[in-house]
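Undergrad: Right, I'll just put the structure down here and ask away after.
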Amino acid sequence: MLENLFNLVKEQGAETVINNPVVPNEQNDAVLADATHSVADGLQGVLAGGGLQSVLSLFNRSSGGSTSGGLLNNPIVSNIINNFTNKLTNNHGIPGDKASGIASSLIPNVISSLVHRTNDPNNSSFDLGGIISSLTGVGGGSNNGAGGFDLNGMLGKLTDGGLDANGDGKLGLDDVISKITGGAKQQQEEAKTGGGGIMDMIKGFLK
């Protein structure tokens, strides 16, 4: 998923980054990597904080907030924009106003395209289960993964109106949130202790 996300950021950043004279050409790849990391790290942080429902809402196109303009008001997207702005300033020496403009243009476009492709049945580059799995290490795909936890199956029940829609008393929302929250936290801790992290994987795409 991360490589597909990096390619999506690169595609969306053609004008905002690659053809932008504010960004030195030799820094293009590093800036795109920081943008990719900001998106992935931002989503992982929300999941680690128990915010699965907020992420599901972000990817729910019927909520009406998946256009690039509407996304500016989404707290998850705003946080990602702020983090990327700081990276542009601190890592690449881009002035604050220019950095803010780049981030406020690129990030909503990336998220909007990510949401669209995730919801497009004819596009296999992204699926919600795969995105969450890559950020948490929990499940993924249509088969049971991570200890028999069918993530896509559970997410399907969530987005269809609840995990216990059939009234059988099995697996509730709290169980899913707990597992995903724990997985995201574990990946964050492993990255801190030198076990590799999102940015390490993204840097591999630059080689």
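The number in my numbering is simply the position in the sequence shown, starting from 1, with 1101 added. All C-beta atoms, glycine included, are put in the ideal place defined by N, C-alpha and C. As the structure is a prediction and not an experimental result, all values here were calculated from the model.
(1) Quick check: the Cα distance between residue 1117 and residue 1137, rounded to an integer number of angstroms?
(2) Give the secondary structure of residue 1202 by DSSP, where H, G and I count as helix, E and B as strand, and everything else as coil.
(3) To which residues of the same chain is residue 1141 closer than 7 Å at the C-beta, ignoring the five residues directly before and after it?
(4) Between residue 1110 and residue 1144, which are expected to be in contact by the criterion C-beta below 8 Å, what is the C-beta distance as a whole number of angstroms?
(5) Looking at C-alpha atoms only, which residue of 1229, 1290, 1130, 1119 is the closest neighbour of residue 1307?
(6) Below 9 Å between beta carbons: does that hold for residue 1173 and residue 1233?
(7) Does residue 1185 come out as helix, strand or coil in the three-state DSSP assignment?
(8) Tell me whether the segment 1182-1191 and the segment 1200-1211 touch, counting them as touching only if at least three CB pairs, one residue from each stretch, are closer than 8 Å.
(9) Between residue 1114 and the rest of its own chain, which residues show a CB-CB distance below 6 Å, the 5 nearest in sequence each way excluded?
(10) Assign residue 1139 to buried or exposed, taking buried as 16 or more other Cβ atoms, counted over all protein chains shown, within 10 Å of its Cβ.
(11) Do you know whose CA, among 1196, 1135, 1177, lies nearest residue 1154's CA?
(12) Within the same chain, show all residues whose beta-carbon is closer than 6 Å to that of residue 1128, passing over the 5 residues directly before and after it, in chain order.
(13) Pull up the CB-CB distance for residue 1238 and residue 1284, whole angstroms please, since I reckon it's below 8 Å.
(14) Just mark residue 1125 as buried or exposed, buried being the case when its beta carbon has 16 or more other beta carbons within 10 Å.
(15) Taking the beta carbon of residue 1249 as the centre, do at least 16 other beta carbons fall within 10 Å, making it buried, or is it exposed?
(16) Grouping DSSP H, G and I as helix and E and B as strand, with all else coil, what is residue 1123?
(17) Just to confirm, are residue 1091 and residue 1123 a CB contact at a threshold of 9 Å?
TA: On the basis of the supplied data:
(1) So the two alpha carbons sit approximately 14 Å from each other.
(2) Assigned with DSSP and collapsed to three states, residue 1202 falls in helix.
(3) Within the same chain, residue 1141 has close Cβ partners 1103, 1106, 1236, 1299.
(4) Not really, about 13 Å apart at Cβ, beyond 8 Å.
(5) When 1229, 1290, 1130, 1119 are compared, the shortest CA-CA separation from residue 1307 is found for 1130.
(6) No, the pair does not count as a contact, with Cβ atoms beyond the cut-off.
(7) Residue state for residue 1185 is assigned as helix, using DSSP reduced to three classes.
(8) Result yes; three or more Cβ-Cβ pairs closer than 8 Å.
(9) Cβ neighbours of residue 1114 beyond the five flanking positions: 1133, 1207.
(10) The C-beta of residue 1139 has 16 or more other C-beta atoms within 10 Å across all chains shown, which makes the residue buried.
(11) The residue with the shortest Cα to Cα distance from residue 1154 is 1177.
(12) The answer, listed in chain order, is 1193.
(13) Contact between residue 1238 and residue 1284 holds: CB atoms are separated by about 5 Å, below the 8 Å threshold.
(14) It is exposed - the Cβ of residue 1125 has fewer than 16 other Cβ atoms within 10 Å.
(15) Caution applies to residue 1249, whose pLDDT of 43 falls short of 50 and renders its modelled position unreliable; the value that the coordinates give is listed next. Burial call: exposed.
(16) In the three-state DSSP reduction, residue 1123 falls in the coil class, being neither helix nor strand.
(17) Outside the shown range of the chain, which is 1102 to 1308, sits residue 1091, and nothing can be said about it.
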